[in-house]
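Chains as they are written, first to last, in my numbering: chain G, 69 to 329; chain H, 69 to 329. Glycine is no exception: its CB is placed at the ideal position from the N, C-alpha and C atoms. Here is the structure we will look at, set down as structure tokens.
2 protein chains.
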Amino acid sequence: MRDEDGGNLRSVRRAVTALELIAEAGELGVSELGRRLDVHKATASRLVSTLAERGLLERDPVNERYRLGFGLVRLAGAAMAGLDIVREAHPVLESLAERTRETVNLGVISGDSVVYIDQVTGTRSVVAVSWIGRRTPLHCTSNGKVLLAFEPREDRERHLAEPLERLAERTIVDPAVLRTQLDEVVRTGYAQTIEELEEGLNAVAAPVRQADGRVVAATSVSGPAFRMRGIDLPRMARFAMEAADAISHRLGYVERARNVG
Amino acid sequence: MRDEDGGNLRSVRRAVTALELIAEAGELGVSELGRRLDVHKATASRLVSTLAERGLLERDPVNERYRLGFGLVRLAGAAMAGLDIVREAHPVLESLAERTRETVNLGVISGDSVVYIDQVTGTRSVVAVSWIGRRTPLHCTSNGKVLLAFEPREDRERHLAEPLERLAERTIVDPAVLRTQLDEVVRTGYAQTIEELEEGLNAVAAPVRQADGRVVAATSVSGPAFRMRGIDLPRMARFAMEAADAISHRLGYVERARNVG
DNA sequence: CTCGGGAGTTGCACGGTGCGCGACGAAGAC
DNA sequence: GTCTTCGTCGCGCACCGTGCAACTCCCGAG
Numbered sequence: 069m070r071d072e073d074g075g076n077l078r079s080v081r082r083a084v085t086a087l088e089l090i091a092e093a094g095e096l097g098v099s100e101l102g103r104r105l106d107v108h109k110a111t112a113s114r115l116v117s118t119l120a121e122r123g124l125l126e127r128d129p130v131n132e133r134y135r136l137g138f139g140l141v142r143l144a145g146a147a148m149a150g151l152d153i154v155r156e157a158h159p160v161l162e163s164l165a166e167r168t169r170e171t172v173n174l175g176v177i178s179g180d181s182v183v184y185i186d187q188v189t190g191t192r193s194v195v196a197v198s199w200i201g202r203r204t205p206l207h208c209t210s211n212g213k214v215l216l217a218f219e220p221r222e223d224r225e226r227h228l229a230e231p232l233e234r235l236a237e238r239t240i241v242d243p244a245v246l247r248t249q250l251d252e253v254v255r256t257g258y259a260q261t262i263e264e265l266e267e268g269l270n271a272v273a274a275p276v277r278q279a280d281g282r283v284v285a286a287t288s289v290s291g292p293a294f295r296m297r298g299i300d301l302p303r304m305a306r307f308a309m310e311a312a313d314a315i316s317h318r319l320g321y322v323e324r325a326r327n328v329g
Numbered sequence: 069m070r071d072e073d074g075g076n077l078r079s080v081r082r083a084v085t086a087l088e089l090i091a092e093a094g095e096l097g098v099s100e101l102g103r104r105l106d107v108h109k110a111t112a113s114r115l116v117s118t119l120a121e122r123g124l125l126e127r128d129p130v131n132e133r134y135r136l137g138f139g140l141v142r143l144a145g146a147a148m149a150g151l152d153i154v155r156e157a158h159p160v161l162e163s164l165a166e167r168t169r170e171t172v173n174l175g176v177i178s179g180d181s182v183v184y185i186d187q188v189t190g191t192r193s194v195v196a197v198s199w200i201g202r203r204t205p206l207h208c209t210s211n212g213k214v215l216l217a218f219e220p221r222e223d224r225e226r227h228l229a230e231p232l233e234r235l236a237e238r239t240i241v242d243p244a245v246l247r248t249q250l251d252e253v254v255r256t257g258y259a260q261t262i263e264e265l266e267e268g269l270n271a272v273a274a275p276v277r278q279a280d281g282r283v284v285a286a287t288s289v290s291g292p293a294f295r296m297r298g299i300d301l302p303r304m305a306r307f308a309m310e311a312a313d314a315i316s317h318r319l320g321y322v323e324r325a326r327n328v329g
């Protein structure tokens, strides 16, 4: 009773699954894809052929395998342009990066992961790997904790019910511990992760609200543990919260009396 | 005989069309989508329901219309990560932006448009609108001219056969004129546009080659006409070409004897 | 060289499935 | 109140997508 709802157009659903499989594998051949989709390779062949025709897939000219196409980038660009949140948030993120001199991300929830829709790298960062479009779990990122904390109760519990994958030594895998932390996130207005996603990486995040008050995104500041020590996090969190509030304000959210002392 | 090839899974094809329509319109209701797809609204309802279930679409909680979902951003991120071109190109683009102090883009061809897959904004730019994922026509952008110029002859002619839309007063709409320019692009190694995309915007671009010598992307430098005057363009083009060559080198391309004097 | 195996595509026939139709409930406009 | 528009849901038929198998390439082994 969890994927029984909604429409059930078999081939469309299969097409999406195919895209996700290819996204995960990097590139895939027809037979291999058919095997993973559990369909005949002829069916897989027709499917990828259709998707490639529309630019969502491309076939490598040398090894003839399929990979994701730039048509997806085009659609994603439209998806991000459609939401004015990126447009409104970007300058704020830039000043946040300048103030903290660390990497700043804007993340939203999509399914059971965080998706980063904008990023500004701090002047001090050495490597400038783009995280835009990358997905990470909800339970071990600061963005994810914020988004989880402000979800409606039922969604939150559904996410907590699933097993929490351990990605680092300090990843929180006990739902009870996480639940306590989430309550504190709601209370304090920010979340932190201390080497929970990967060793040596700390982060803080704060919620961004749209006009109706719903939390739709989170801004995070992340950096190496030696620069962002535990004692620095509350100060960084303050910056993140100020930035998040500024973005919320630009989105039309007016702060009403909240239960903050 | 132009969309007859390839697979023809009706509902998959319709799904992609639906995504493109919604991308163009911003957001769409079920009936409206059904009308544009020329199907019964019940069919459209099932289609969007399936797509929304998989995160490619999301429905606005207030007006119940559908818009593109962040699942697309996730897929696009994987698409870009799959290609190492962005990873290799980014630092080069940064130094190019620093040298020219203008906005730098990396574009690839997708269907009949240019899609920008990375961007670094120059220190002088006032507005920092992200073009990543945006699509622009081939015939009136410097990136597009480069990509067009180095296409296989048949693809190039097919693109030239289609009507060239006028987007600005100085947009080139005569295929013959454009063809002459493209030949010159191949000869000189760079392309330029002078207020052809929009009034007051100039740009130059140079080709990026992958290991087998094929041109897969173009780097461009663009800026307002008062800073990038016609007389400045050759100098800017030299910078763009140096950057493009550096990226090509990182992608494994070794320069062979070309027909350059 | 031949032979075997795996990958990808195409024609064909059948059965399942996605289609349009119409009905229904809900939410405005007036 | 009526009337319209929207979105969803059953239903039955036609049609389309599926699996099968045959085919062509392309490697690599022997």
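The segment 166 to 178 of chain H and the segment 284 to 303 of chain H touch, with three or more beta-carbon pairs separated by less than 8 Å.
Annotated three-state conformation of Gly291 (chain G) is strand, per DSSP. When the beta-carbon positions are compared, Ala259 (chain H) and Leu319 (chain H) stay at least 8 Å from each other. Leu161 (chain G) carries a helical assignment under DSSP once its states are collapsed to helix, strand and coil. Nearest in C-alpha terms to Leu143 (chain G), of all of H:Ala93, H:Ala217 and H:Ser316, is H:Ala93. Under the Cβ distance rule, Asn173 (chain G) does not count among the residues neighbouring chain H, no pair being separated by less than 8 Å. For Val141 (chain G), the chain H residues whose Cβ falls inside 7 Å of its Cβ are Ala144, Ala147, Met148, Val183, Ile185 and Gly201, in order along the chain.
Distance from the CA of Val130 (chain H) to the CA of Leu232 (chain H), rounded to the nearest whole angstrom, comes to 40 Å. Taking 8 Å as the threshold, the shortest C-beta distance from Leu136 (chain H) to chain G falls below it. The Cβ of Val283 (chain H) sits no closer than 8 Å to any Cβ of chain G.
By the criterion of at least three beta-carbon pairs nearer than 8 Å, the segment 116 to 132 of chain G is in contact with the segment 76 to 89 of chain H. If you draw a 10 Å sphere on the C-beta of Ile315 (chain G), you find 16 or more other C-beta atoms in it, and that means buried. Leu269 (chain G): member of the beta strand (DSSP E) spanning Leu269 to Arg277, first to last residue. Taken in chain order, the members of the segment 103 to 118 of chain G whose beta-carbon sits within less than 7 Å of a beta-carbon on chain H are Arg114, Leu115, Ser117 and Thr118. Contact between Phe307 (chain G) and Leu164 (chain G) holds, with the beta-carbon distance rounding to 6 Å and staying under 8 Å.
Beta-bridge partners of Ala259 (chain G) (DSSP): G:Ala273. With fewer than 16 other Cβ atoms inside 10 Å of its own Cβ, Thr248 (chain G) counts as exposed.
For the alpha helix (DSSP H) assignment, the uninterrupted runs of no fewer than 4 residues enclosed by the segment 199 to 257 of chain G are, from N- to C-terminal side, 210 to 217, 221 to 229 and 243 to 256.
The C-beta of Gly291 (chain H) comes no closer than 8 Å to any C-beta of chain G. Shown here for Glu230 (chain G): same chain residues with a beta carbon closer than 8 Å to its own, the five before and five after excluded, namely Asp180 in chain order. With the criterion set as a beta carbon lying under 9 Å from some beta carbon of chain H, the members of the segment 153 to 180 of chain G are Val154, Arg155, His158, Pro159, Glu162, Val176, Ile177, Ser178 and Gly179, in sequence order.
The Cβ-Cβ distance between Leu136 (chain G) and Ile185 (chain G) does not fall below 8 Å.
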